[in-house]
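A.B. asks: Can you read through this structure? Questions will come right after.
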Amino acid sequence: MINFTLITGASSGIGLEMANVCAEKGMNVLLVSLPNEDLAATSKSISKKYKIKAEYHECDLTELSDLNNLLKWVEENGFHVNFLINNAGFGGTMAFDEMSEGYINKMIDLNIKATTHVMNMFIPILKSNSPSRILNVSSIISDIVAPYKSIYAATKTYVRNMSLSLAYELKKQGISVSVLLPGATPTNQVVSSQIEQGAYAARATVMSANEVARRAIDKTLKGKKIITTGTRHGLIRQLMLALPYRLSALISINQYEKQKNKDESNRN
Ligand SMILES: NC(=O)c1ccc[n+]([C@@H]2O[C@H](COP(=O)([O-])OP(=O)(O)OC[C@H]3O[C@@H](n4cnc5c(N)ncnc54)[C@H](OP(=O)(O)O)[C@@H]3O)[C@@H](O)[C@H]2O)c1
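Going left to right, the sequence shown walks through residues 12 to 279 as our numbering numbers them.
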């Protein structure tokens, strides 16, 4: 039986690096992301470089009908998925009262709803191909009081909490669940400009997408439930957890208030 690892948000950033790391380890991959010109070429080049099977499916994970079509595509092609990586997600920095209805919906639909529905839909497949794994991508911010990133942080808290609960619930069914808490990873314009603008919390945890992906896959394969990306990152997380909310909120305000007007991705 030929098994596959399905990765959402695999056309760029951490997801693309995860696809490369998995392929390097000899795993066959299914790449999923929004329709764009590069996914076919990416899939072909990964397949050729690592001599593994790579297929792709373009869809908008915020559309329920697209989620159903994704499942149908996997079933009709008989892909035996035994590793599901829920990586697609987006963030931004914005005052709550400036967020549009569209912005709020898009963030909740992608970060929360898509992650939840994809997991829920794929459980029967993962069970039938067990032992299987799920890796969900949360964020270091999921533990932090985050003014100006209120909805993003809350969506990532949801992902972390749900993943941990399911880690215990799905164990009996032969499915391990891990959750990744990356720090700042310069993958796109938003994060890169945050790092450049001198956000010290971002700079203290910065790590390349390849390094993040490598640690995430290695630790998931070892069955680790909560994955931080390194000792320094783990220590910063523990420190933030130990601080009273009042103090962590002050640190966040200091970090994010100045960024909120510069974040171009907020305009959607
Ligand atoms: N970068 C960081 O500093 C950081 C830190 C903590 C957590 N994270 C989390 O890590 C994950 C990956 O982040 P990243 O920085 O690598 O992001 P990224 O470079 O912006 O890549 C996001 C990926 O998700 C895909 N995507 C976006 N909206 C989609 C939709 N509606 N349907 C299907 N696919 C969609 C994108 O596809 P297209 O390329 O086709 O648009 C792309 O492949 C996210 O969950 C993010 O919240 C990132």
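Positions of the beta carbon are idealized from the N, C-alpha and C atoms, including for glycine.
1. Which of the three DSSP states, helix, strand or coil, is assigned to Ser-187?
2. Just to confirm the assignment, what range does the alpha helix (DSSP H) spanning Phe-133 have?
3. Cutting at 8 Å between CB atoms, please list the residues of its own chain near Ile-134, excluding the five before and the five after it.
4. Within 10 angstroms of its Cβ, does Thr-242 collect 16 or more other Cβ (buried), or is it exposed?
5. If I'm right that Thr-126 touches Val-170 with Cβ under 8 Å, what's the distance once you round it to whole angstroms?
6. How should Tyr-163 be labelled, buried or exposed, when 16 other C-beta atoms within 10 angstroms of its C-beta is the threshold for buried?
7. Please list the terminal residues of the continuous beta strand (DSSP E) segment that includes Ile-162.
8. Should Cys-33 be listed as close to ligand 1, given that the test is whether its C-beta is under 7 Å from any heavy atom?
9. Thinking just about the alpha-carbon of each residue, which of Asn-80, Thr-73, Asp-77, Leu-27 is nearest to the one in Ser-54?
10. In three-state terms, what does DSSP make of Thr-240?
11. Leaving out the 5 sequence neighbours to the left and right, which residues in its chain are closer than 8 Å to Glu-86 when beta-carbon positions are compared?
12. Are Leu-121 and Thr-231 closer than 8 Å when you measure CB to CB?
C.D. replies: In this structure, then:
1. Stepping through the sequence shown from its first residue, residue 187 is reached at position 176. Three-state DSSP puts Ser-187 in a strand.
2. Here residue 133 corresponds to residue number 122 of the sequence shown, with the count starting at 1. Boundaries of the alpha helix (DSSP H) harbouring Phe-133: 126-139, taken from the DSSP string.
3. Position 123 of the sequence shown, counted from the start, is the residue given in the question as residue 134. Closer than 8 Å at Cβ, skipping near neighbours: Leu-181, Gln-184, Ile-186.
4. Counting from 1 along the sequence shown, the entry for residue 242 is found at position 231. Label assigned to Thr-242: exposed.
5. Indexing the sequence shown from 1 puts residue 126 at position 115. Indexing the sequence shown from 1 puts residue 170 at position 159. Their Cβ separation, rounded to whole angstroms, is 6 Å, which keeps Thr-126 and Val-170 in contact under 8 Å.
6. As a first step, residue 163 is located in the sequence shown; it is residue number 152 there, counting from the start. With 16 or more other Cβ atoms from the protein chains shown falling within 10 Å of its own Cβ, Tyr-163 counts as buried.
7. Looking up residue 162 in the sequence shown gives position 151. No beta strand (DSSP E) holds Ile-162; the alpha helix (DSSP H) holding it covers 161-180.
8. Residue numbering aside, residue 33 sits at position 22 when the sequence shown is read from its first letter. Checking the Cβ of Cys-33 against ligand 1 gives no.
9. Taking the sequence shown and counting its residues from 1, one reaches residue 54 at position 43. Cα-wise, what sits closest to Ser-54 is Leu-27.
10. As a working note, residue 240 is residue 229 in the sequence shown. The answer is coil: DSSP assigns Thr-240 none of H, G, I, E or B.
11. Position 75 of the sequence shown, counted from the first residue, corresponds to residue 86. Closer than 8 Å at Cβ, skipping near neighbours: Ile-136.
12. If you number the sequence shown from 1, residue 121 lands on position 110. If you number the sequence shown from 1, residue 231 lands on position 220. The answer is no: Cβ separation not under 8 Å.
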